[in-house]
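What follows is a short report on a single structure.
Numbering (this note's numbering), first residue to last: 293 to 906.
In structure tokens form, the structure reads like this:
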């Protein structure tokens with residue numbers, strides 16, 4: 293076996309003669325194992341074939357699937373001469389039986405062989421399951437001779453790979469297609485049939501589009517099956533398997549070189565290997581991000597949003613805010629006190645999360661710089677509080693606010709994760725520039741920040757350190773963008789939330805463009821802005837009641853006030869000041885009348901006028 297450690301797991305200690313090369317036990321791997329490049333061979337029952345009724349007549353008959361004798365198919369296309377590309381380039385991809393029967397040592401050089409395996413790679417090249425699985429190792433030829441065998445024991449032994457694994461010959465079948473559209477169509481139909489219980493799955497080895505390649509110019513596009521990145525369709529983690537693609541690129545390049553310079557010219561692909569790995573700083577640390585993805589931590593951070601939102605909406609629903617204003621607690625004081633309280637609670641929550649995570653030995657917290665984590669959590673906490681104030685401004689009851697939270701918590705965060713995974717994990721670089729535009733959604737930012745921390749934390753197991761401030765200059769580090777967008781958004785959302793609260797202050801329905809009042813003339817600004825009150829439905833109805841009584845007097849009202857006005861004369865050069873203006877009121881006998889207004893609203897002046905004291 294490749295493992296050089298004792299078979300007893302208790303004896304697996306780090307050392308020159310006692311370490312595991314797969315890099316999963318926390319030991320350093322200064323010289324990772326070199327592995328021969330291997331192609332991903334489709335399983336025998338899934339290899340491309342024809343049932344005799346479809347349009348793919350040049351594929352082998354599907355009866356070959358019964359005995360596992362189907363060849364592996366390579367589709368070839370290009371814009372130039374079909375015969376030239378198909379015969380010369382396609383024919384140079386795989387070795388002939390004559391070469392394999394020669395006595396030349398090159399026949400046993402693994403770099404000359406096109407090896408393949410049905411097994412899948414893991415997330416690193418510390419260990420290649422192709423050489424330790426129950427599947428055979430295949431070598432691809434133009435044609436396999438009857439009872440042809442190849443002894444690779446010496447070559448594998450030189451790489452410290454155990455003997456005894458079966459080695460089989462498999463035929464490689466290059467087939468010409470007229471266009472890339474035809475290739476896409478055939479690939480899609482072969483894969484789409486997988487969704488049908490009785491469908492004919494046509495899996496291929498690779499496909500090459502040589503485009504405008506000629507004797508003076510070489511360019512190629514290569515198709516490969518990316519579904520091997522995951523063990524199954526339900527994989528939800530943030531890490532994906534490596535793909536056996538490099539050998540396909542080398543085959544296409546070598547085919548062109550042999551056409552151009554002759555069969556003796558090759559670019560040998562000797563091996564693939566993982567980067568060296570340092571020992572973990574603490575082998576007791578747990579890489580929780582390997583089985584709990586970033587969405588889980590996003591949910592943890594989002595729990596506080598409901599607490600803040602329901603608290604703010606509860607004050608609004610129960611009219612507690614109006615009572616506070618009646619006792620002289622203005623909007624600025626209320627916001628300052630509430631914001632400071634929620635920020636204190638959030639920081640205690642975030643610090644507790646960091647503390648317990650570090651005590652438990654989670655690499656997500658232990659490997660990354662604590663100051664970076666604190667700055668991220670601090671900025672996110674402020675953004676979350678600001679967003680809660682904004683949502684509360686448009687919510688009237690706690691149940692509605694809770695429904696909004698649940699929708700965001702369950703569906704919104706999962707949608708954010710799907711967008712993030714498609715762009716970053718699957719490396720859709722073109723979409724990354726648009727990702728910052730989606731950053732207006734706070735939970736995309738939180739997911740991306742946590743994703744960056746988890747990736748650097750996992751990396752820290754292998755190189756000894758996670759994310760540091762110097763990593764902000766790394767081209768693939770997105771934490772700097774996350775912090776910048778969250779900081780700007782925090783300030784913008786806070787201002788918008790405060791403005792929305794002022795517009796809806798006391799339920800007055802003030803014009804959203806109230807900020808334009810500053811553009812009015814000075815004389816207009818000095819006058820009290822009460823016109824919006826005079827147009828309210830209850831005020832209009834009360835004025836109509838008074839007008840109706842004045843037209844048809846009766847004994848149905850005890851107190852009638854018609855357009856009362858009280859003006860305090862100006863002093864020291866100041867203009868006169870209205871205390872009461874345009875007040876109309878009709879009170880029937882036995883009605884209890886009360887006035888609830890903030891301090892300075894001239895309640896006493898009005899009652900004095902009604903009581904005829906002044």
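Just so it is clear, CB atoms sit at the ideal spot from N, CA and C, and this is done for glycine as well.
| What is the DSSP secondary structure of residue 428, counted as helix, strand or coil? | The answer is coil: DSSP assigns residue 428 none of H, G, I, E or B.
| field | Residues of its chain near residue 322, where Cβ-Cβ distance is below 7 Å and the 5 sequence neighbours each way are ignored | value | Taken in chain order, the residues that qualify are 568.
| query | What three-state label does DSSP hand residue 841 in the structure shown? | reply | Secondary structure of residue 841 (DSSP, three-state): helix.
| said: Below 7 Å, is the gap between the Cβ of residue 673 and the nearest heavy atom of the ligand COA? | reply: This structure does not include the ligand COA; it has no bound ligands of any sort.
| Who are the Cβ neighbours of residue 631 in its own chain at under 7 Å, not counting the five residues just before and after it? | Answer for residue 631: 677, listed in chain order.
| message | Classify residue 507: buried if its beta carbon has 16 or more other beta carbons within 10 angstroms, exposed otherwise. | response | Exposed is the call here.
| Residue range of the beta strand (DSSP E) that residue 501 falls in? | That run of the beta strand (DSSP E) goes 498-501.
| residue 556 to residue 538 span [Cα, whole Å] | Residue 556 and residue 538 have their C-alpha atoms spaced approximately 21 Å apart.
| Rounded distance between the beta-carbons of residue 493 and residue 590, thought under 8 Å | Contact between residue 590 and residue 493 fails: their C-beta atoms lie close to 37 Å from each other, not under 8 Å.
| Assigned secondary structure, residue 568 (DSSP; H/G/I helix, E/B strand, else coil) | Three-state DSSP puts residue 568 in coil, outside helix and strand.
| said: For the alpha helix (DSSP H) containing residue 847, name the first residue and the last one. | reply: In this chain, residue 847 is not harboured by any alpha helix (DSSP H), its DSSP state being neither H nor E.
| said: So, under 8 Å CB-CB, residue 770 and residue 751 are touching, yes? Tell me the CB distance rounded to an integer number of Å. | reply: About 14 Å separates the two Cβ atoms, so there is no contact after all.
| Mapping DSSP to helix, strand and coil, what is residue 434? | Of the three classes helix, strand and coil, the one that applies to residue 434 here is coil, per DSSP.
| Alpha carbon to alpha carbon, what distance is there between residue 427 and residue 409? | Straight through space, the alpha carbons of residue 427 and residue 409 are spaced by roughly 7 Å.
| query | How many angstroms separate the CA atom of residue 519 from the CA atom of residue 495? | reply | Computed Cα separation, rounded: 11 Å.
| Delimiting residues of the alpha helix (DSSP H) encompassing residue 598 | Here the alpha helix (DSSP H) through residue 598 covers 586-609.
| request: Specify the secondary structure class of residue 466 as computed by DSSP and reduced to three states. | output: Strand, per DSSP.
| request: Classify residue 657 as buried or exposed, calling it buried when 16 or more other Cβ atoms lie within 10 Å of its own Cβ. | output: Here residue 657 is buried. Its C-beta has 16 or more other C-beta atoms within 10 Å.
| Delimiting residues of the beta strand (DSSP E) encompassing residue 863 | For residue 863, there is no enclosing beta strand (DSSP E), as DSSP marks it with neither H nor E.
| Pick from 689, 878 and 832: whose alpha carbon is nearest that of residue 849? | The alpha carbon of residue 849 has as its nearest neighbour, out of 689, 878 and 832, the alpha carbon of 878.
| task | Would you grab the beta carbon distance between residue 386 and residue 475 for me? Rounded to a whole angstrom, and I think it's under 8 Å. | result | The Cβ separation is near 19 Å, so there is no contact.
| Whole-angstrom distance between residue 497 and residue 505, CA atom to CA atom | So the two alpha carbons sit approximately 22 Å from each other.
| residue 820 in three-state terms, based on DSSP | Because the pLDDT of residue 820 is 46, which lies under 50, any placement of that residue in the model is unreliable, and the number read from its coordinates should be weighed accordingly. Reduced to three states, the DSSP call for residue 820 is coil.
| query | residue 468: which of 550, 546, 350 and 422 sits nearest, CA to CA? | reply | It is 350.
| query | Under three-state DSSP, which class holds residue 367? | reply | Strand, per DSSP.
| message | Relative to the C-alpha of residue 775, which candidate in 666, 371 and 624 has its C-alpha closest? | response | Closest by alpha carbon: 666.
| How big is the Cα-Cα spacing for residue 412 and residue 514? | About 19 Å.
| Enclosing alpha helix (DSSP H) for residue 676 [first to last residue] | Taken as a continuous stretch (DSSP letters only), the alpha helix (DSSP H) holding residue 676 covers 662-685.
| request: For the alpha helix (DSSP H) holding residue 908, just list the boundary residues, first then last. | output: Residue 908 is absent from the structure shown; the chain starts at 293 and stops at 906.
| So what does DSSP say about residue 356, is it helix, strand or coil? | Helix at residue 356.
| said: My assumption, with CB atoms under 8 Å, is that residue 334 sits in contact with residue 465. Please give the rounded CB distance. | reply: Separation of the CB atoms of residue 334 and residue 465 is rounded to 12 Å, and the pair is thereby denied contact status at 8 Å.
| Proximity of residue 598 and residue 694 at Cβ, strictly below 8 Å | Using a Cβ distance threshold of 8 Å, residue 598 and residue 694 count as a contacting pair.
| task | Whole angstroms is fine: what's the gap from residue 361's alpha carbon to residue 336's? | result | Answer to the nearest angstrom: the Cα atoms are 7 Å apart.
| Neighbourhood of residue 793 by C-beta distance below 7 Å, restricted to the same chain and skipping five residues each side | The answer, listed in chain order, is 623 and 685.
| task | Tell me whether residue 555 sits in a helix, a strand or coil according to DSSP, three-state version. | result | It is coil, neither helix nor strand.
| field | Per DSSP, cross-strand counterpart(s) of residue 831 | value | Beta-bridge pairing links residue 831 to no other residue.
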